[in-house]
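Chemist: Residue numbering for the sequence shown follows the working numbering, starting at 4 and increasing by one per position. The beta carbon of each residue, even a glycine, is placed where N, CA and C say it ideally should be. Okay, here's the structure, questions in a sec.
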Amino acid sequence: MPFQNIVFLTEDASHDAAIDLINEEAFGPGRFVRAAERVREQGPHDRGLSFVGSDRGEIIASVRMTPIHAGTVAGHLLGPLAVRPSHKNLGIGRELVRIVLAVAEKSGSQAVLLVGDPLYYAPLGFARTKPGALTMPGPFDAHRLLAACYSDVDPMALEGEIRHRDRK
Ligand SMILES: CC(C)(COP(=O)(O)OP(=O)(O)OC[C@H]1O[C@@H](n2cnc3c(N)ncnc32)[C@H](O)[C@@H]1OP(=O)(O)O)[C@@H](O)C(=O)NCCC(=O)NCCS
4 MPFQNIVFLT EDASHDAAID LINEEAFGPG RFVRAAERVR EQGPHDRGLS FVGSDRGEII
64 ASVRMTPIHA GTVAGHLLGP LAVRPSHKNL GIGRELVRIV LAVAEKSGSQ AVLLVGDPLY
124 YAPLGFARTK PGALTMPGPF DAHRLLAACY SDVDPMALEG EIRHRDRK
């Protein structure tokens with residue numbers, strides 16, 4: 004199916020069941036033990052900055068954004084990002100990332116962080132953070148903690164705890 008058939012929509016509650024299935028299919032039960040998930044459990048994601056991909060009414064991809072602090076920087080944690088196997092390699096994942104980066108910047112976010120593959124995310128504007136400078140409530144591979152920053156924030160200068168903004 005061509006990329007042109009895909010419509011990108013701001014997430015709403017009617018997408019929740021489809022998103023759960025997409026993430027279950029992509030990550031399996033192991034997704035709940037990841038450090039990023041520990042952060043996401045601390046508070047709600049921001050639906051206004053989260054998007055789905057729809058193919059003729061069927062939700063086939065999702066990306067969520069969660070408001071966080073990374074030390075003193077107010078930003079967002081990107082993820083989960085997942086595309087259904089039937090729709091992989093059409094550019095949908097990259098388009099979802101481009102969309103959420105644009106809306107996050109517009110909303111005043113100072114940085115978008117994620118744990119992911121640098122080869123996939125570097126061309127989209129993500130850079131490595133300083134290994135060991137940032138912590139999360141659980142173990143993660145520090146070399147995969149990436150950031151796309153705005154307003155003169157330097158990814159290498161980020162330091163401190165990554166936590167949901169609702170958590171004081
Ligand atoms: C990773 C994922 C979101 C990519 O979505 P997608 O719509 O298929 O990706 P795109 O079409 O935008 O990009 C495809 C390109 O990314 C590459 N790619 C896919 N996953 C990759 C990864 N983990 N690391 C590096 N490159 C990757 C593909 O090989 C392809 O390369 P090419 O353009 O040179 O052929 C999707 O494969 C997926 O849902 N995977 C399972 C869940 C997951 O791993 N999510 C990311 C967590 S950080």
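Below 7 Å, is the gap between the Cβ of I165 and the nearest heavy atom of ligand 1?
Modeler: No, Cβ of I165 sits at least 7 Å from all heavy atoms of ligand 1.
Chemist: Would you kindly check if the distance between the Cβ of V66 and the Cβ of L12 is under 8 Å?
Modeler: Cβ atoms of L12 and V66: not closer than 8 Å.
Chemist: As a quick exercise: from R87, K109, D120, L116, pick the residue whose alpha carbon is nearest that of E164.
Modeler: Of R87, K109, D120, L116, the residue nearest in Cα terms is L116.
Chemist: Per DSSP, L99 is paired with what?
Modeler: Answer by DSSP bridge pairing: none, since L99 is not bridged.
Chemist: Cutting at 7 Å between CB atoms, please list the residues of its own chain near Q45, excluding the five before and the five after it.
Modeler: Counting only Cβ-Cβ distances below 7 Å, and skipping sequence neighbours, we find R166, H167, D169, R170.
Chemist: Can you give the Cα-Cα distance for V76 and F35, rounded to whole angstroms?
Modeler: The straight-line gap from Cα to Cα measures roughly 25 Å.
Chemist: Please report the distance separating the alpha-carbon of L52 from that of A73.
Modeler: Spanning the two alpha carbons is a distance of roughly 18 Å.
Chemist: Rounded to a whole number of angstroms, what is the C-alpha to C-alpha distance between R37 and N8?
Modeler: R37 and N8: Cα-Cα distance of roughly 33 Å.
Chemist: Could you tell me if the beta carbon of A85 falls within a distance shorter than 7 Å of some heavy atom in ligand 1?
Modeler: Flag set: Cβ of A85 near ligand 1.
Chemist: Between the Cα of C152 and the Cα atoms of Q113, A29, T138, M4, which residue gives the shortest distance?
Modeler: Nearest option by C-alpha distance: Q113.
Chemist: In three-state DSSP terms, what is E61?
Modeler: Strand, per DSSP.
Chemist: With a threshold of 16 other CB atoms inside 10 Å of the CB of H146, please say whether the residue is buried or exposed.
Modeler: Burial call: exposed.
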